[in-house]
Ligand code: OGA
Ligand code: MN
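This is the structure:
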């Protein structure tokens with residue numbers, strides 16, 4: 120078989136995978152471990168116009184879980200990423216995806232990686248943008264690394280939803296708080312690989328023990344530095360593209376698109392393997 124290769128898509132994040140097709144994605148037994156290693160190195164993997172069906176995406180996700188040492192179990196389910204409430208009853212919450220975030224930031228153990236495949240595209244907008252939180256950490260000065268290494272950040276679903284819907288009623292806010300309780304995480308995630316990343320995004324509300332406004336301003340500044348345009352890979356989707364991102368070390372967001380466009384992406388998540396610590 121020809122070699123599978125990765126071609127970098129930007130300086131700090133993203134690589135295109137070349138040499139994989141619909142058959143090889145499941146038949147090449149060496150591919151899952153290769154993908155995990157290449158994902159660790161690049162943060163995002165792009166398989167252009169792979170056009171796999173849901174069962175193949177689920178089976179490949181399961182192989183990635185197993186290659187990562189997770190016990191073999193059920194293949195993960197498909198979650199529909201669409202603003203059409205007929206296709207996803209929680210579509211309203213997905214408006215939060217227009218803001219930089221990591222998936223499951225209020226969980227104890229966020230998912231390890233996310234696989235997203237394109238089934239219906241919007242005629243305009245709807246690109247997905249990625250920025251490396253490893254690069255964001257590496258960019259800090261030694262003094263900042265020292266100082267920020269001590270901080271803990273409160274992550275809240277309410278905070279993220281409020282950014283997407285600033286005119287929410289008190290009832291909505293109370294519902295969001297009760298639906299998903301807030302969670303404190305260290306600002307710096309020390310991974311078992313030895314690398315460090317910043318934990319930021321729309322859920323990051325304020326800094327524990329710091330003046331509220333000062334903490335908010337720090338989080339805004341760090342997010343802004345981490346996602347400067349030259350540090351971002353923008354994925355312009357074609358039908359059938361599969362994109363995988365390292366959800367522990369990469370921020371992502373969707374560029375705005377028309378909710379009536381029918382845009383429909385199919386997502387699977389890999390089992391998280393490390394708490395934020
Ligand atoms: C997600 C997500 C962005 C997009 O699936 O978690 O944030 O572009 N998707 O749909
Ligand atoms: Mn997301």
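In this note's numbering, the protein residues as written are 120 to 396. By construction, the Cβ of each residue, glycine as well, lies at the ideal position given by its N, Cα and C atoms.
Next item on the list: Check whether the Cβ atoms of residue 386 and residue 197 sit closer than 8 Å, and answer yes or no.
Entry: Between residue 386 and residue 197, the CB-CB gap stays under 8 Å.
Next item on the list: Note down the Cα distance separating residue 324 from residue 148, rounded to an integer number of angstroms.
Entry: Distance between the alpha carbons of residue 324 and residue 148 is about 43 Å.
Notebook entry, point to check: Applying the criterion that 16 or more other CB atoms from any shown protein chain within 10 Å of the CB defines a buried residue, is residue 120 buried or exposed?
Noted result: Exposed: under 16 other Cβ atoms inside 10 Å.
Notebook entry, point to check: Around the Cβ of residue 205, are there at least 16 other Cβ atoms within 10 angstroms (buried) or fewer (exposed)?
Noted result: Its Cβ having fewer than 16 others within 10 Å, residue 205 is exposed.
Note to self: From the DSSP secondary-structure annotation, give me the bridge partner or partners of residue 363.
What the structure shows: Within the DSSP bridge table, the entry for residue 363 names 164, 234 as partners.
Next item on the list: Please state if the CB of residue 255 and the CB of residue 317 are separated by a distance shorter than 8 Å.
Entry: With contacts defined as CB atoms closer than 8 Å, residue 317 and residue 255 qualify as a contacting pair.
Next item on the list: Check whether the Cβ of residue 155 lies closer than 8 Å to any Cβ atom in chain D.
Entry: Among the protein chains of the structure shown there is no chain D, as only one such chain exists.
Checklist line | Bridge-paired residues (DSSP) for residue 315 | finding: Residue pairing from DSSP places residue 315 in a beta bridge opposite 309.
Next item on the list: Would you check if there are 3 or more beta carbon pairs closer than 8 Å linking the region 299-307 to the region 262-281?
Entry: Taking 8 Å as the limit for Cβ pairs, the verdict is that the region 262-281 does touch the region 299-307.
Next item on the list: Report yes if the C-beta distance between residue 311 and residue 165 is below 8 Å; otherwise report no.
Entry: Against a cut-off of 8 Å, the Cβ pair of residue 165 and residue 311 comes out as no contact.
Checklist line | residue 250 - partner residues in DSSP beta bridges | finding: 351, 370, per the DSSP bridge assignment.
Margin query: Nearer than 7 Å: is that true of the beta carbon of residue 279 relative to any heavy atom of the ligand MN?
Written below: Every heavy atom of the ligand MN is 7 Å or more from the Cβ of residue 279, so no.
Check: Ends of the beta strand (DSSP E) at residue 198?
Finding: Where residue 198 is concerned, the enclosing beta strand (DSSP E) stretches over 198-200.
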